[in-house]
Amino acid sequence: MMIVISGSAITYDGNQLPGNFPTWLLENNTRLAGVYARDNAFIGPLKLPSSSHLHLETIDVSNNKLNGHIPANMSLVFPKLALLNMSHNFLEGPIPSKISGVHVSLLDLSHNFLSGGVPSDLAIGSPSLTYLRLSNNSNNFSGEIPRRIRDNTRLLQLDLSKNHLEGSIPAEICKLKLINVLAISENRLSGFIPSCVSSLPLEHIHLEKINWPPDTFSNLHEIESLDLSYNSLNGSIPVVLLELNSLAIFSVAYNNLSGAVLALKLNSELLTKAAEGILFFVGFIH
0 MMIVISGSAI TYDGNQLPGN FPTWLLENNT RLAGVYARDN AFIGPLKLPS
50 SSHLHLETID VSNNKLNGHI PANMSLVFPK LALLNMSHNF LEGPIPSKIS
100 GVHVSLLDLS HNFLSGGVPS DLAIGSPSLT YLRLSNNSNN FSGEIPRRIR
150 DNTRLLQLDL SKNHLEGSIP AEICKLKLIN VLAISENRLS GFIPSCVSSL
200 PLEHIHLEKI NWPPDTFSNL HEIESLDLSY NSLNGSIPVV LLELNSLAIF
250 SVAYNNLSGA VLALKLNSEL LTKAAEGILF FVGFIH
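Numbering (numbering that gives the first Met the number 0), first residue to last: 0 to 285.
Put into structure tokens, the structure is as follows:
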């Protein structure tokens, strides 16, 4: 077992430590700024210190075996928390509305068994949020994408994929003027992608199993990856995609496309794509 204490941070990643999360470390080290405890075997619920921890900015307990509910008073106990990674655990129940505070820039709760949906007031309480990852939760993680997401104006990456979210994609998502990664695939969303998405500085889009109008992507000249697999696309690939000169990763697997072979002008030497089920070839123009 290796535990490293460096300055104001403690690291015990990758030790496969069993038992409950050692809350006593926080109780006895009130000036800690970071706790890095990923890749262990901690079980049980995450218990917080009994009093506020005024210096802690980072908590990474990803890839453990934590279960139970996320503590509702997280932002009150850790008022300066900026990074919270609790992904790849067995957490359940709803996401508390007070989970993140004004300083949180990264919130990763992906790969758990959460229920409910995206808290509508998450935007109000987290004005600094730049990375939000809630993907791969249970079938009970449902509801709609909240329209208040527009208030997270600093968002760079939004990943809500592989849940059971319903309803339409709100046009308010176009208020995210800095976003470069949008992943909302494999939900139960209906309707079309708002046309204003084409005005966003997106570099990576994952929209499997969602209806989309072809012109949506015509102005996304900086886009590097585009995944449109698992939709119900018919006919041939729209010609507008030929103008996406930065496109390096492209997938239209599991659709009903047919017709002539189409060669895309890709600027990458290697093309990474999911090819099973595809009814045409994607190649290079030299």
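The beta-carbon is built from N, C-alpha and C at its ideal position, and this holds for glycine as well.
- Counting only the Cα atoms, C195 lies some 45 angstroms from F20.
- A distance below 8 angstroms between beta-carbons, with the five flanking residues on each side excluded, links L55 to the following residues of its chain, in chain order: L25, L31, A32, G33, V34, F77, K79 and L80.
- Going by C-alpha positions, G43 is about 23 angstroms away from T29.
- By the Cβ neighbour-count rule, N162 is buried, with 16 or more other Cβ atoms within 10 Å of its own.
- P145 has its alpha-carbon roughly 13 angstroms from the corresponding atom of C173.
- If you compare the alpha carbons of E143, V180 and R37 with that of I168, the shortest gap goes to E143.
- Here T22 carries a helix assignment [DSSP, helix/strand/coil].
- Rounded to the nearest angstrom, the gap between the Cα atoms of W23 and K46 is 10 angstroms.
- Scanning N63, L113, S160 and N88 for the CA closest to the CA of D12 turns up N63.
- Distance between E165 and R187, taken at the CA atoms: about 5 angstroms.
- In the three-state reduction of the DSSP assignment, K64 falls in the strand class, which pools E and B.
- Shown here, D12 sits in coil according to DSSP, grouped into three states, outside any helix or strand.
- Within the stretch 113 to 144, complete beta strand (DSSP E) segments of at least 3 residues are found at 130 to 132, given in chain order.
- DSSP, read as helix, strand or coil, puts S7 in coil.
- Approximately 19 angstroms separates the beta-carbon atoms of L105 and L75; this is outside 8 angstroms, ruling out the contact.
- Between S134 and L155, the C-beta spacing is not below 8 angstroms.
- DSSP, reduced to helix, strand and coil, places D38 outside both helices and strands of the structure shown, so it counts as coil.
- Closest in C-alpha terms to F112, from the list R132, G124, L90 and G100, comes L90.
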